[in-house]
Amino acid sequence: MSLSDNSTKSSAYSRATRDVIQGFHKDQEKLLTERVNIILLLGWTLIPLFGFLDYILYPTYFNRFLTYRFISAGCCFILYVINRKWKLGNASLYLGIIAAYIVGLAIIKMILETGGFSTPYYAGLNLVFLGMCTVLTVRVQFLAVHSIVLYLIYLTSVLAFGRIGNVAIFVANNMFVLCTMGIALVASHVGYRFRLKEYLVRTELEEAQSQLKDYSENLENLVVESEKKYQVLVDNANESIFVIQNGVIKFPNPRTTALFGHSVEELENMPFIGLVHDDDKIAVTEQKEHVEKEGGVTVSTSTFRIMRHAGETIWADMNAVSIEWGGRPAFLVFLRDITEKKRMEAELIQAQKMEAIGTLAGGIAHDFNNLLMGVIGYTSLMLLDKDEADPHYHKLKSIEKLVQSGADLTKQLLGFARGGKYEVKPTDLNELIGKSSEMFGRTKQEITMHRKYEKGLHPADIDRGQIEQVLLNLYVNAWQAMPGGGDLYLETKNVVLDAAYTKPHSLSPGPYVKISVTDTGTGMDLATQQRIFEPFFTTKEMGRGTGLGLASAYGIIKNHGGIISVESEPGKGSTFSIYLPASQGQVEIENLQPSEIVRSTETVLLVDDQEMILAVGGEMLKVLGYEVFAAQGGEEALAIYREKGEMIDVVILDMIMPAVSGGETYDRLKAINPGVKVILSSGYSIDGQATEIMARGCSGFIQKPFNIGDLSEKIREVLGRPVKE
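Note that this note's numbering has the sequence shown beginning at 11, numbered continuously upward.
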């Protein structure tokens, strides 16, 4: 396809979109005019009415403020009369905006005269923003521009001409104003999108109904003109077309016989309602009665399930048009198989639900990791001064193990929340599955392992530890499903997935590596399969599972750009299938070295918004011999670095901080000193935002919670490495 073709298509799409928006705005003219009338009516009635507040709060300003109120109310009244008298269409919007500015400026004038910094009149701006943004039915971008302009007029006026008063109250007032403005804009956007969606649905439905009526009329004319032409048209249609008269099917086309799985002879004079799923028969019957009651050429649209000859259930979308057939009333029916569409919709809804749950789980894991950081930090510090003879040594080691268990739990949550990739490398999945299954099999002798590996299996770009966690979760799940022992089948295979399979998962088609884990256990029903990947969902008895194993597996595989699915039947075992994108990279052999505590004398800038993290982190650094500067937030860190940057050898920077984030702080540190060495620290794993910061040249990453040994090793690793440009 040439560039000119692409340009032509893009231009045509833009014109079509523009035409739709213009049609929507034309459709909304009446509503907009009514909404502007409401704005103006509220303006010239409520503004004078609120004058009693002036008398109560500032009696000395009452007469002057009353003048302001009547002037602005009068302007609103004039605009109201203009809008009522002349049909301005969408142009009436500007009357509403003008009124908002008039009232807003009057309120700003009263704010300035009552002090500016500490005045209750800022609440009037809240009403202006609420009125303008929630009543006017236009795009949020337009409202946002005028809201910001009006707010900036207020802010600039107060800062320039207001009397300096209680700054805290001024800041609080501004927070309320900004929050109100934001909420109003969000409400406006939601309302606008809802009306646009309703308009699109309505116009599409009207167009569809119009097309169906035209189609019906054309068909009737064709039947009158030529039975042969009608037969050719119907026989070659891609949709199921037939007539229902007296409740039975007549003249089914070939597509109808294929859809229902019956021959023409079987379908002729077969009651249509007998082919409808039992649960949908009442709704279909009511729809039929409604069309019959309406009379005339009525178009009816409905979606329901039908039963094929082999007992299979499929979803169908039916358009029925009431017609005269052979001088008697009948229905011309167009039926389309939408089973695949329904399946894709269900998968999309499930994916969106899992995404929302994942976001919540990730936030919980991040906060919990911060809490664990304090515990493991102080524990590792106390262990430095203890040996095994100390009565508290083993208690401290137990605490350290419990913290590690908590960290493992949050890793599963982060894995589910798409935050589980730490170090991604091309990996031989045959070797990984072999080692993990061999280790598991040694502990579970009652299970017989069966392995089938494809030779020449493509590598996959994965985090080895995370995929091991997924496999172990599946092994444990299989073991628990086979309480009396059984067989566990492991298989790998190179596959190519097409767009039809990958599109519902928002992935690209192409070569993938498939891992199958099949057990001979108890299996599960369809309802359990639909919830099996939800966090904290478990069918096990209390104490045998957290409900996070498969949820974590789902998040980790999704985060690797892969797919995980399950097939199962009660009493017939389960098969979990994992698809990971094939890699073109070369598999590298890992060389793992144990961490050790190394003391040194460099200077470290520790940045975190949590006082507890600063305290325990600073103490660990001092024990290691480092000189420490602590900063509670990005701005403080930047100030320290500007003053003492030449002394600082490395910065340990928290990623999630209010006001100035870790990413922004890193960029500003790099602007001060391009050679700055920074270790990013977070309760989240190195994925998403952390990966982006690392790609900009950050020297290293350490995940909370970490002990003094982890901290020592990471600092030595970074200080011995040149800065990435």
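Glycine included, every Cβ here is placed at the ideal spot set by N, Cα and C. Predicted model, so just to flag it, every value in this text is computed and none were measured.
Short of 7 Å from the beta carbon of residue 145, and not among the five residues preceding or following it, lie these beta carbons of its own chain, in chain order: 45, 48, 49. With contacts defined as CB atoms closer than 8 Å, residue 413 and residue 684 fail to qualify as a contacting pair. Check the Cα spacing between residue 704 and each of 391, 728, 512: the tightest is with 728.
The DSSP-derived three-state label of residue 354 is helix. Nearest Cα to residue 120 within the set 347, 533, 658, 61: 61. Taking the C-beta atoms as reference points, residue 504 is found nearer than 8 Å to residue 464. Rounded to the nearest whole angstrom, the C-alpha separation of residue 436 and residue 501 is 19 Å.
By the criterion of a C-beta distance shorter than 6 Å, residue 259 is surrounded in its chain by 252, 277, 280, 282, once the five residues flanking it on both sides are discounted. Looking at the DSSP output, residue 156 sits in no beta bridge, so it has no partner there. Residue 160 counts as buried, since at least 16 other C-beta atoms from the protein chains shown sit within 10 angstroms of its C-beta. Annotation for residue 325: no alpha helix (DSSP H) segment contains it, though the beta strand (DSSP E) segment containing it runs 323-335. In the same chain as residue 614, and ignoring 5 residues on each side of it, the C-beta atoms closer than 8 Å to its own belong to 631, 636, 637, 638, 639, 658, 659, 660, 661, 662, 725, in chain order. Excluding the 5 residues flanking it on each side, residue 323 has same chain C-beta neighbours closer than 8 Å at 287, 315, 316, 317, in chain order.
If you ignore the 5 residues before and after residue 156, its C-beta comes within less than 8 Å of the C-beta of 107, 110, 111, 142, all in its own chain and listed in chain order. In this structure, the straight-line span from the alpha carbon of residue 325 to that of residue 497 is close to 37 Å. Per the C-alpha coordinates, the member of 579, 541, 513, 544 positioned closest to residue 531 is 579. Between the segment 76-84 and the segment 96-105 there are fewer than three C-beta pairs closer than 8 Å, too few to call the two in contact. Around the Cβ of residue 195, a 10 Å sphere holds 16 or more other Cβ atoms; the residue is buried. In chain order, 616, 638, 640 place their CB closer than 8 Å to the CB of residue 628, counting only its own chain and leaving out the 5 sequence neighbours on each side. Relative to the Cα of residue 105, the nearest Cα in the group 486, 88, 257, 118 belongs to 88. Residue 321 has its alpha-carbon roughly 56 Å from the corresponding atom of residue 382. Secondary structure note for residue 520: its beta strand (DSSP E) is the uninterrupted segment 520-529. Per DSSP, the continuous alpha helix (DSSP H) segment holding residue 139 begins and ends at 132-145. The alpha-carbon separation between residue 223 and residue 152 amounts to approximately 40 Å. When DSSP reads this structure, residue 459 sits in a beta bridge with 498. The C-alpha of residue 706 lies about 46 Å from the C-alpha of residue 103. According to DSSP, residue pairing for residue 208 in a beta bridge does not occur. Per DSSP, reduced to three states, the secondary structure at residue 712 is strand. Each of 76, 669, 231 was checked against the Cα of residue 333, and the nearest Cα belongs to 231. When C-alpha distances from residue 355 are compared across 687, 515, 33, 506, the shortest belongs to 515.
For residue 473, the uninterrupted beta strand (DSSP E) segment begins and ends at 470-473.
In the three-state DSSP reduction, residue 439 falls in the helix class (H, G or I). In the DSSP assignment, no residue is bridged to residue 167. Here residue 328 really is in contact with residue 345; their C-beta atoms are around 5 Å apart, less than 8 Å. Around the C-beta of residue 721, 16 or more other C-beta atoms lie within 10 Å, and the residue is accordingly described as buried.
Residue 572 carries a coil assignment under DSSP once its states are collapsed to helix, strand and coil.
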